[in-house]
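Quick note, the sequence shown lines up with residues -26 to -1, 1 to 414 if you use mature numbering (1 follows the signal peptide of the UniProt record, and there is no 0).
Report on one structure; see the data block that follows.
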Amino acid sequence: MPCQKFAAASLLFIALATSAILDANAQDWPQWRGVDRDGVLATPIKPSADGPKHDWTAEIAGGYSGPTVVDGKVYVMDRVTDPKQIERVHCFDLATGKNVWTHQYDATYQGIGYPAGPRASVIVEDGKAYSVGSMGHAFCFDAVNGNVIWTVDFNKDYKIVANKRMPIWGISASPLIVGSNVIFHVGGSDGACVVAIDRETGKEAWRSLEDRAQYSAPVVMKHAMSSSIICWTGDSVASLKPETGEIRWRYEFTPKNMPIGVATPVIKDNQIFVTSFYDGSLVLEVGDDGDSVSKVWSAVGPNEKMTKSLQSIISTPIWLGDYIYGVDSYGQLRCLDAKTGERIWENLDAVPKARWSTIHFVRNGSEGDTIWMFNERGEIMLGKLTPDGFEELSRYKIIDPTRGQLRQRGGVCWSHPAFVDGQIIVRNDKEMKAWTLGEK
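This is the structure in structure tokens:
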């Protein structure tokens, strides 16, 4: 009987932990990389034969924060520096692009070597919007009117700059909602690399890991009778119990240089794939109970130009069947055998070759091999990714790359787009644009 009660409780927790995902409007894009945080559209978009149609443009300022969309509202963060450094959280109307509300706060950057933030996406659930800026200013807002419900200063409260724990690009990982908590990957002192904050009160629920932070957003992994939070930190890939933050397992993956991993861990069944610019690719396999882990394969080249498998920095790969597709260190679109890491093919046409060249992948429906690909030149492509190669179906320029995000190659667009009800929402350092791609 106790075992039955435990199993029932565990299954109930899984349901609660994923309620934010399951309850989301199918037309919404409520968090980083979409409804299930995996870059997959539940319903495919049928592209218009005439190409994208421009709907509206809204003026914003600098930052990498990718837009999110819930209940006809678009949420995004930016930063202005004149006359002083301020971060802002905006809400815009999806139909018109008009501003609904803006909250701004002082945010003088300290210990950040590339001050182009904020970088994290706003997450919205149950009428509340949660944000975190590059210096660790976290907020819970009323999503409708922008009223502040609570705030946390991670830098001050967890001694990040004081103890020289600020990541070189600032606090960047998009927060995650699991059950009654919001999960932040911030790199705080005293075992607070990852911190869970109670969604209602703004108080700490738990903290976990002594690791340094990096920029990868945490994700949920489901097991037979439970679930885990998977975090790729500056020192490891780790699995945490959502209820308590207890470490279920930790696989050391210490970078030979500095922690600069941005890509989100990719989960396929009981395996996890991560890819690092300097340290190559790693596939881990998790036991059915969620409490054990083993390495399947890893591969790294001798340097950033002579690479093996995949050495990405920003782009999160996509795992289709027995193959993984992603962007290598200098923009090479590659296909890997997921079982071995062997490179199947390479394509140099999807994005111009350059250091840290980037594509964001979104699967056009839960089945099939058709992928929306938004590259750093501001182009939206529709293509097919198969073991036989990359087939480009269409390509359109929908926003200009800007120099504020990277003062090389005429600027870049590195922010992840949002997809909602046949539309795509994209941003650069000057504006946010909405385009209709087709019908759902």
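Idealized CB from N, CA, C, for every residue including glycine.
- Apart from the 5 residues on each side of it in sequence, D2 sits with its Cβ closer than 6 angstroms to the Cβ of V43 and V44 in its chain, given in chain order.
- For K20, the beta-bridge partners assigned by DSSP are E413.
- Looking at the DSSP output, A273 shares a beta bridge with S255.
- Setting aside the 5 residues that flank it on each side, P233 is surrounded in the same chain by R186, Q188 and G208, each with a C-beta closer than 6 angstroms to its C-beta; the list follows chain order.
- A distance below 8 angstroms between beta-carbons, with the five flanking residues on each side excluded, links I292 to the following residues of its chain, in chain order: G13, V240, I298, Y299, G300, F335, R337, I345 and L359.
- Sixteen is the threshold: when 16 or more other Cβ atoms of the shown chains lie within 10 Å of the Cβ of L310, as they do, the residue is buried.
- The beta carbon of S283 is closer than 7 angstroms to those of G254, S255, A273, L310, G315 and R317 in its chain, skipping five residues each way along the sequence.
- DSSP links R53 through a beta bridge to G36 and E61.
- Within 10 angstroms of the beta-carbon of N155 lie 16 or more other beta-carbons, which makes it buried.
- Nearest neighbour of W388 by Cα position, chosen from Q382, N402, I398 and G396, turns out to be N402.
- Per the coordinates, the alpha-carbon of E226 lies some 6 angstroms from the alpha-carbon of V211.
- Taking Q245 as reference, the option from G235, S213 and F251 with the minimal CA-CA separation is S213.
- If you ignore the 5 residues before and after D374, its C-beta comes within less than 7 angstroms of the C-beta of G352 and N402, all in its own chain and listed in chain order.
- Each residue's CA atom was taken as its position, placing V248 and Q306 some 17 angstroms apart.
- Look at N129 here: in three-state DSSP terms it is helix.
- Going by beta carbons, S22 and L411 fall inside the 8 angstroms limit.
- V63 is positioned such that its CB atom lies closer than 8 angstroms to that of F113.
- Where M347 is concerned, the enclosing beta strand (DSSP E) starts and stops at T344 to N349.
- Linking G101 to F66 through their CA atoms gives a straight-line distance of about 15 angstroms.
- Looking only at K215, S146 and K72, the smallest Cα-Cα distance to V96 is reached by S146.
- Note on geometry: alpha-carbon atoms of E259 and A94 lie some 28 angstroms from one another.
- Cβ-Cβ distances below 6 angstroms link G46 to L68 in the same chain, with the five nearest sequence neighbours on each side left out; the list follows chain order.
- With 16 or more other Cβ atoms inside 10 Å of its own Cβ, R139 counts as buried.
- D296 and A312 have their alpha carbons spaced roughly 5 angstroms apart.
- When secondary structure is reduced to three states using DSSP, F227 falls in the coil class, being assigned neither helix nor strand.
- Where A81 is concerned, there is no enclosing beta strand (DSSP E), because DSSP gives it neither an H nor an E.
- Annotated as proximal: P4 and V98, with beta-carbon spacing under 8 angstroms.
- Between the beta-carbon of E184 and that of C205 there is about 13 angstroms, and that puts the pair past the 8 angstroms contact cut.
- Inter-residue distance for A324 and N349 is about 8 angstroms (C-alpha atoms, whole angstroms).
- In this structure, the straight-line span from the alpha carbon of Q285 to that of S303 is close to 5 angstroms.
- For A198, the number of other beta carbons within 10 angstroms of its own is below 16, and it is reported as exposed.
- The alpha-carbon separation between P192 and K407 amounts to approximately 27 angstroms.
- In the three-state scheme derived from DSSP, where H, G and I count as helix and E and B as strand, G357 is classed as strand.
- T82 is the residue among V394, P41, T82 and V48 whose C-alpha sits nearest the C-alpha of K58.
- For K102, the enclosing beta strand (DSSP E) starts and ends at K102 to V106.
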